[in-house]
Amino acid sequence: MVTAMIGLGSNLADPKLQIQNAREAIARLPVTEERGFSSLYASPPMGPQDQPDYVNAVMAITTELSARQLLQALQGIENQQGRLRERRWGERTLDLDILVYGDVLIDEPDLVVPHYGIADRSFVLYPLQDVVEQGFEIPGKGALTELLKDCPKNGLYELTANG
Ligand code: ROI
C-alpha cells in the first residue's frame, strides 16, 4: 500500500463541481481510500492569461494500484468528466496529476513522478501543505516547508465555503 498525492485543477464548466466530482470518483477507485483533502484554492492561470482562473486542490490517498494503473484510472476520470483541452497550457475542464507516489521516482515519457512542476507551483505546494504531516519531504525535491519559502503565492488564495 502506497500513500499518493493527487493534484486537481479545473477552470471550465463549473470548476468547483468538477473538483468535487473528481474527488468522489477517485475515492471510489478499487483498492484506494481517501486520506485527506485540502481546501479549495483559486489561482490565476499559469500559461496564457486570456483564460479563467483555476480552482486547485490536493487529495491524499492510499492505494494498492501501481503508479501506472493510477495514471490510467485518473485519465479515465478526466475523460468521463468530458475533458476539454484545446491548447497547450490552456483551459481545461479537469486535470488530475500524480504529484507524489510514496517515495518512488519515475522518469518515463508519459509519467514523471514527483510531478515535474511540483516544486515551483504555488497552486500545488500550498494545498499539499493542508494534507501532509509536519516534516513532509517531496522525494528528490526536499522539505515542503523549504520549498514553500521560495514559492510566492502568485495570487493564490483559499476559497471559503461560500465563495
Ligand atoms: N494554472 C493554474 N493556476 N492552475 C492549474 O491547475 C494549471 N494547470 C495547468 C496550466 C495550464 C499549466 N496552468 C495552470 O495545466
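Take my numbering: the final residue in the sequence shown is number 1271, and no numbers are missing along the way.
Beta carbons are placed, not taken as given, at the ideal position from N, Cα and C, and that holds for glycine.
- With a threshold of 6 Å, the Cβ atom of Gly1263 does not count as near the ligand ROI, since no heavy atom of the ligand is closer than that.
- Counting only residues of its own chain and dropping the five nearest sequence neighbours on each side, Pro1156 has a CB closer than 8 Å to the CB of Arg1195, Trp1197, Gly1198.
- Taking the C-beta atoms as reference points, Val1166 is found nearer than 7 Å to Met1113.
- Scanning its chain for C-beta atoms nearer than 7 Å, with the 5 sequence neighbours on each side dropped, one finds around Thr1201 the residues Ser1118, Leu1120, Ala1121, Gln1126, Gln1189, Gly1190, Arg1191, Leu1192, in chain order.
- The beta carbons of Ala1150 and Tyr1265 sit about 6 Å from each other, so the pair counts as a contact at 8 Å.
- Shortest Cα-Cα distance from Leu1213 to any of Lys1249, Gln1183, Ser1230, Glu1241 involves Lys1249.
- Counting only residues of its own chain and dropping the five nearest sequence neighbours on each side, Leu1252 has a CB closer than 8 Å to the CB of Leu1233, Leu1236, Gln1237, Val1240, Phe1244, Glu1245, Ile1246.
- Here the distance from the Cβ of Phe1145 to the nearest heavy atom of the ligand ROI is not below 6 Å.
- Linking Ser1230 to Pro1260 through their CA atoms gives a straight-line distance of about 7 Å.
- For Tyr1234, the distance from the CB to the nearest heavy atom of the ligand ROI is not below 6 Å.
- Under the three-state reduction of DSSP output, Phe1244 falls in the coil class, being neither helix nor strand.
- For Pro1217, the closest C-alpha among the options Leu1179, Ala1130, Ala1227, Val1139 is that of Leu1179.
- Taking the CA atoms as reference points, Thr1268 sits about 8 Å from Leu1148.
- A residue is called buried once 16 or more other Cβ atoms fall within 10 Å of its Cβ, and Asn1187, having fewer, is exposed.
- Inside the segment 1156-1183, DSSP marks whole beta strand (DSSP E) runs of 3 or more residues at positions 1162-1171, from first to last along the chain.
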